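Taken in sequence, the protein lines are chains A and B. For the first sequence, counting from 1, position 365 maps to 364 in numbering that gives the first Met the number 0; every step adds exactly one. For the second sequence, counting from 1, position 289 maps to 288 in numbering that gives the first Met the number 0; every step adds exactly one. For glycine and all other residues, C-beta sits at the position ideal for the given N, C-alpha and C. From a predicted model like this one, the values you see are computed outputs, not experimental measurements. Here is the structure we will look at, set down as structure tokens.
There are 2 protein chains.
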Amino acid sequence: MAEFSIDRFVDLYAHRTSGMSASEVRALFAVASRPEVVSLAGGMPYVQAIPEEDVLEVVRQVLDEHGTSSLQYGGGQGHPALRERLLALMAEEGVEADAEDVVVTTGAQQALDLTGKIFIDAGDLIAVEAPAYVGALTAFSAYEPRYLQIDVDEDGMKVDQLEEALVRGERPKFVYTCPNFGNPAGVTLSYPRREQLVSLCREASIPIIEDNPYGMLRFEGEPLPCLRTLDPENVIYLGTVSKVFSPGVRVGWALAEQSVVQRLVLAKEAADLCGSAFTMLVTERYLAGDRWRGNLETLVETYRRRRDAMLEAIEEHFPDGAMWTLPAGGFYVWVTLPEWFDTQAMLAAAVERRVAYVPGTAFYPDGRGKHQMRLAFCYPTEDRIREGIARLGSLLEDEEQLYRSLHP
Amino acid sequence: MAEFSIDRFVDLYAHRTSGMSASEVRALFAVASRPEVVSLAGGMPYVQAIPEEDVLEVVRQVLDEHGTSSLQYGGGQGHPALRERLLALMAEEGVEADAEDVVVTTGAQQALDLTGKIFIDAGDLIAVEAPAYVGALTAFSAYEPRYLQIDVDEDGMKVDQLEEALVRGERPKFVYTCPNFGNPAGVTLSYPRREQLVSLCREASIPIIEDNPYGMLRFEGEPLPCLRTLDPENVIYLGTVSKVFSPGVRVGWALAEQSVVQRLVLAKEAADLCGSAFTMLVTERYLAGDRWRGNLETLVETYRRRRDAMLEAIEEHFPDGAMWTLPAGGFYVWVTLPEWFDTQAMLAAAVERRVAYVPGTAFYPDGRGKHQMRLAFCYPTEDRIREGIARLGSLLEDEEQLYRSLHP
């Protein structure tokens, strides 16, 4: 935790707050937000691709059609019109569902929090891919679970490892994975592993949390079926409009069995009563038209070019021994450096050289990943990405030379 | 909990979910939302008082000034411009603050949830006024506290009872109260009790959670100083724009010491990353102009007339032996009937007679309040209120006759 001045309540905080840390990394990111720094750290979508006029137009529609009732409290499950509309969005990825099984949340992040809240008692075991989305880990950690970490390779989560753990007698409350262009690894769970994961978890009666924010940001190749499509009963599916429309409306959702839905709604009401009817209706109207498709195509095309720029620049500037993933979609490249690198220790030097990234340790519950880093290509322009990677490459070269001179 | 069909996960849910109940009352409220039923149950503000044009105008301003950056992720603490603006709003009630000490939340409800999250370990004692806002109880209960209930009378929380408990050696993690026109009792903590509460808690180093959604909805009399004003260091103050603007923007906040703020921000980020930049900026622009004052005056005037209509009708229609509070502001009248009444059992009959209320039991952690009920005058028109109270009065008369015939 960052330094507190005098804290009169220091003896009163709950145990879970000791795991909520405002790290050095956070302080560095504050510096990294200066314009001269190329940030390859944040996962901000390129919302500039959405014309303001499209937004104002749907706001106008919402006020015309719903009046000030769009400013009222709504039900905890989310506006019925939006839930219907989200069915159409999921259908684009082959997921069939009923609006009764959808709970609208404040981004998919809140779905992670509420899922943790309804499943995790302190000390419970949960299985997560490793590395995993840092926001999932912080959401779950508030409920003080133990973690079973399942390694990831270029085909996604190594399901064999999960199987071995189950054979050993481990009984996780659920398995968490981001199977499409996952955050942070940028890899996609292969079809055979999808089938293996789904049948393994079904047999063991362990629900799967499928987190799918990036599925519609595919640059090439054919989409694979969602886990939810392979087993609608045992998979809790999480979606968001943050990447196809806007994070600023804070609209995500969970799709689950009725028994889970009812508990999620109660947990949602306890957490914040209801989402914003206003932004739910704006989102519904945006997705009702056809303009979102063109805007999404622009986004995907933009991200593809940025991904290409990043991979080319990495190829050119990174030292021998560095390895990285080749994402077919999404926002992230995951870099594994030789083991002696310490990306957390190196971050200050990187920011000094006007480039930022997220150290690998953030994505493992046990602090592994010291020699890894996540690079986001979603937000900076191609030129900025090339510049940032060149700066980072030169830092890595210098670090390597220093290391070689000390370990000849 | 409502009936579940087959629940494959029944053995997997966290212990806290057993306290999350979708009660019969919830099912009745679904029926009570039919137009022929006068609902004196819900606490929905009269948002119709806000002209749609005022909303469209501020949305236009936000898009003009901020462009699509209003659709982007923001920091966990909330947009700086809004936090500055909220200082001016709090100043209207005499609360002085610094924008650094404000955390914007999804309504004040999320501030309750996050406060519970950072303070409560399972089994910890917390003190709450009794009756207390049901949403505070459900938020806190997710963290499995024990409750110390402090009774309320027409001058608010009986602080002597808290003092006695402290003398007995009870050590609550915090004290929760809604001191202005509280939900559900409609009463206001008197000035002497404010001083007593603040000095008692300061000496004992027990933080006070001051929940103040209704403070600006005063119908008569002079405002009393907020607890936060009496002790800025030991009071965590919760506010919301739900009652002065719109619940649909989902903007509330906590004002607290830096040490608490930092933990709340981390808990907020774990819960949903950030609020909606869009609705935060819309709220900021709405409060920046002067039109909100006129709209608020309209609201207060409307609520005052509805309160008067309700009190007159209660006086006319309720049986001898019924007692009720005389709220000088806010949304609620709290009714205490002779002890043999069971307002929960009676609710189905009330809905059948086309009137709904909230049974008193909802507002006590231990299920007391069987002979009490909360009546909300905020939403229905005066005529509907008179009609609803007449229906309820005739039901109470009939119940009383039945009781007398059985207990002659």
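Taking the alpha-carbon positions, what's the residue i to residue j distance?
i: residue 288 of chain A; j: residue 63 of chain A; result: 16 Å
i: residue 329 of chain A; j: residue 185 of chain A; result: 7 Å
i: residue 332 of chain A; j: residue 220 of chain A; result: 17 Å
i: residue 1 of chain A; j: residue 292 of chain A; result: Model confidence at residue 1 of chain A stands at a pLDDT of 42, short of 50, so the residue's coordinates are unreliable and nothing is read from them.
i: residue 308 of chain A; j: residue 334 of chain A; result: 15 Å
i: residue 358 of chain B; j: residue 343 of chain B; result: 5 Å
i: residue 190 of chain B; j: residue 178 of chain B; result: 10 Å
i: residue 98 of chain B; j: residue 76 of chain B; result: 10 Å
i: residue 107 of chain B; j: residue 239 of chain B; result: 5 Å
i: residue 324 of chain A; j: residue 132 of chain A; result: 16 Å
i: residue 382 of chain B; j: residue 39 of chain B; result: 13 Å
i: residue 26 of chain B; j: residue 262 of chain A; result: 15 Å
i: residue 32 of chain B; j: residue 326 of chain B; result: 25 Å
i: residue 356 of chain A; j: residue 306 of chain A; result: 15 Å
i: residue 175 of chain B; j: residue 367 of chain B; result: 18 Å
i: residue 3 of chain B; j: residue 278 of chain B; result: Low per-residue confidence applies at residue 3 of chain B: pLDDT is 45, beneath 50, and the placement is therefore not dependable, though the value from the model is reported in the following sentence. In a straight line, the C-alpha of residue 3 of chain B is about 36 Å away from that of residue 278 of chain B.
i: residue 229 of chain A; j: residue 181 of chain A; result: 19 Å
i: residue 380 of chain A; j: residue 48 of chain A; result: 12 Å
i: residue 360 of chain B; j: residue 369 of chain B; result: 5 Å
i: residue 224 of chain B; j: residue 150 of chain B; result: 22 Å
i: residue 17 of chain A; j: residue 260 of chain B; result: 15 Å
i: residue 345 of chain A; j: residue 250 of chain B; result: 39 Å
i: residue 319 of chain A; j: residue 384 of chain A; result: 20 Å
i: residue 126 of chain B; j: residue 171 of chain B; result: 6 Å
i: residue 6 of chain A; j: residue 282 of chain B; result: 32 Å
i: residue 111 of chain A; j: residue 19 of chain B; result: 18 Å
i: residue 96 of chain B; j: residue 73 of chain A; result: 31 Å
i: residue 406 of chain A; j: residue 387 of chain A; result: 28 Å
i: residue 401 of chain B; j: residue 322 of chain B; result: 20 Å
To the nearest whole angstrom, what separates the beta carbons of residue i and residue j, a pair I think is in contact under 8 Å?
i: residue 103 of chain B; j: residue 82 of chain B; result: 6 Å
i: residue 196 of chain B; j: residue 248 of chain B; result: Residue 196 of chain B to residue 248 of chain B, Cβ: 31 Å. No contact.
i: residue 156 of chain A; j: residue 128 of chain A; result: 4 Å
i: residue 161 of chain B; j: residue 199 of chain B; result: 7 Å
i: residue 266 of chain A; j: residue 117 of chain A; result: 5 Å
i: residue 243 of chain A; j: residue 280 of chain A; result: The Cβ separation is near 17 Å, so there is no contact.
i: residue 378 of chain B; j: residue 41 of chain B; result: 6 Å
Mind checking whether the beta-carbon of residue i lies closer than 6 Å to any heavy atom of the ligand HEM?
i: residue 41 of chain A; result: Among the components of this structure there are no ligands whatsoever, and the ligand HEM is therefore not found.
Inspect the CB distances between the stretch 332-341 of chain B and the stretch 250-261 of chain B and report whether three or more fall short of 8 Å.
-> Taking 8 Å as the limit for Cβ pairs, the verdict is that the stretch 250-261 of chain B does not touch the stretch 332-341 of chain B.
Give a yes or no on contact between the stretch 200-216 of chain B and the stretch 290-307 of chain B, applying the rule of three or more CB pairs nearer than 8 Å.
-> A contact between stretches requires three or more CB pairs, one per stretch, nearer than 8 Å, and the stretch 200-216 of chain B meets this requirement with the stretch 290-307 of chain B.
At least three beta-carbon pairs within less than 8 Å, the stretch 109-122 of chain B to the stretch 151-167 of chain B = No, they do not touch.
The stretch 264-283 of chain B contacting the stretch 134-148 of chain B, beta-carbon criterion three pairs below 8 Å = Counting Cβ pairs under 8 Å, fewer than three are found: no touch.
Kindly provide the ranges of any beta strand (DSSP E) runs that are 3 or more residues long and lie completely inside the stretch 202-250 of chain B, ordered along the chain.
-> Unbroken beta strand (DSSP E) stretches of 3 residues or longer found wholly inside the stretch 202-250 of chain B: 207-210, 234-239, given in chain order.
Should the stretch 302-321 of chain B be called in touch with the stretch 383-399 of chain B, which here means at least 3 C-beta pairs below 8 Å?
-> These segments touch.
Looking at C-beta atoms only, is the number of pairs between the stretch 347-357 of chain B and the stretch 8-16 of chain B that lie closer than 8 Å three or more?
-> Per the Cβ contact rule, the stretch 347-357 of chain B is not in contact with the stretch 8-16 of chain B (fewer than 3 Cβ pairs under 8 Å).
Does the pairing of the stretch 235-242 of chain A with the stretch 204-214 of chain A give three or more beta-carbon distances under 8 Å?
-> In this structure the stretch 235-242 of chain A touches the stretch 204-214 of chain A; the number of beta carbon pairs closer than 8 Å is three or more.
Of the residues that make up the stretch 63-84 of chain B, which ones have a beta carbon closer than 9 Å to any beta carbon in chain A?
-> Going along the stretch 63-84 of chain B in chain order, one finds 63, 66, 67, 68, 69, 70, 71, 72, 73 with a Cβ nearer than 9 Å to chain A.
For the stretch 367-377 of chain B and the stretch 49-62 of chain B, state whether three or more C-beta atom pairs, one from each stretch, are separated by less than 8 Å.
-> Cβ pair count under 8 Å is below three, so no.
Jot down the residue ranges of each uninterrupted beta strand (DSSP E) in the stretch 319-347 of chain B, minimum 3 residues, whole runs only, in chain order.
-> Fully enclosed beta strand (DSSP E) runs of no fewer than 3 residues occupy 331-335 of the stretch 319-347 of chain B, in order along the chain.
Anything in the stretch 167-186 of chain A with a Cβ closer than 9 Å to a Cβ of chain B? List those residues in chain order, please.
-> Within the stretch 167-186 of chain A, the residues whose Cβ lies closer than 9 Å to any Cβ of chain B are, in chain order, 172, 173.
Length at least 3, wholly inside the stretch 343-395 of chain A: the beta strand (DSSP E) runs in chain order = For the stretch 343-395 of chain A, whole beta strand (DSSP E) runs of length 3 or above, ordered along the chain, are 371-375.
Residues within the stretch 91-123 of chain B neighbouring chain A, beta-carbon criterion of under 8 Å | Within the stretch 91-123 of chain B, the residues whose Cβ lies closer than 8 Å to some Cβ of chain A are 104, 105, 106, 108, 109, 112, 116, 117, 118, 119, 120, 121, 123, listed in chain order.
Would you mind listing the alpha helix (DSSP H) stretches within the stretch 95-172 of chain A that are 4+ residues and don't spill past its ends, in chain order?
-> You should have 106-118, 133-140, 158-166.
In the stretch 260-321 of chain B, which residue ranges form an unbroken alpha helix (DSSP H) of at least 4 residues, counting only runs that do not cross its ends?
-> Complete alpha helix (DSSP H) runs here, min 4: 276-287, 290-316.
For the stretch 367-382 of chain B, enumerate the residues whose C-beta is nearer than 7 Å to any C-beta of chain A, in chain order.
-> Those residues of the stretch 367-382 of chain B that come within reach of chain A (Cβ to Cβ, closer than 7 Å) do not exist; the list is empty.
Name, going along the chain, the residues of the stretch 236-249 of chain A whose beta-carbon falls closer than 9 Å to a beta-carbon of chain B.
-> Here the close residues are 241, 244, 245, 246, 247, 248, 249.
The stretch 27-47 of chain B: positions lying closer than 7 Å to chain A by Cβ | Listed in chain order, the positions of the stretch 27-47 of chain B with a beta carbon within less than 7 Å of a beta carbon of chain A are 43, 46, 47.
Contiguous alpha helix (DSSP H) assignments of at least 4 residues, all confined to the stretch 6-63 of chain A = Every alpha helix (DSSP H) of 4 residues or more that sits fully in the stretch 6-63 of chain A is shown, in chain order, as 23-31.
Can you give me, in chain order, the residues of the stretch 188-213 of chain A that have a beta carbon less than 9 Å from any beta carbon in chain B?
-> Within the stretch 188-213 of chain A, those residues whose Cβ lies closer than 9 Å to any Cβ of chain B are, in chain order, 204, 205, 206.
Which residues, taken in chain order from the stretch 286-307 of chain A, show a beta carbon closer than 7 Å to some beta carbon of chain B?
-> Cβ contacts with chain B come from no residue of the stretch 286-307 of chain A.
Cβ-based contacts, 7 Å cut-off: residues of the stretch 343-369 of chain A near chain B | Residues: none.
Anything in the stretch 315-343 of chain A with a Cβ closer than 9 Å to a Cβ of chain B? List those residues in chain order, please.
-> Within the stretch 315-343 of chain A, not one residue has a Cβ closer than 9 Å to any Cβ of chain B.
Taking Cβ-Cβ distances below 8 Å as the criterion, which residues of the stretch 265-277 of chain A are in contact with chain B?
-> Flagged, chain order: 265, 266, 268, 269, 270, 271, 272, 273, 274, 275, 276, 277.
Selection of the stretch 136-165 of chain A by Cβ proximity to chain B, strictly under 8 Å | The residues in question are 137, 138, 140, 141, 142.
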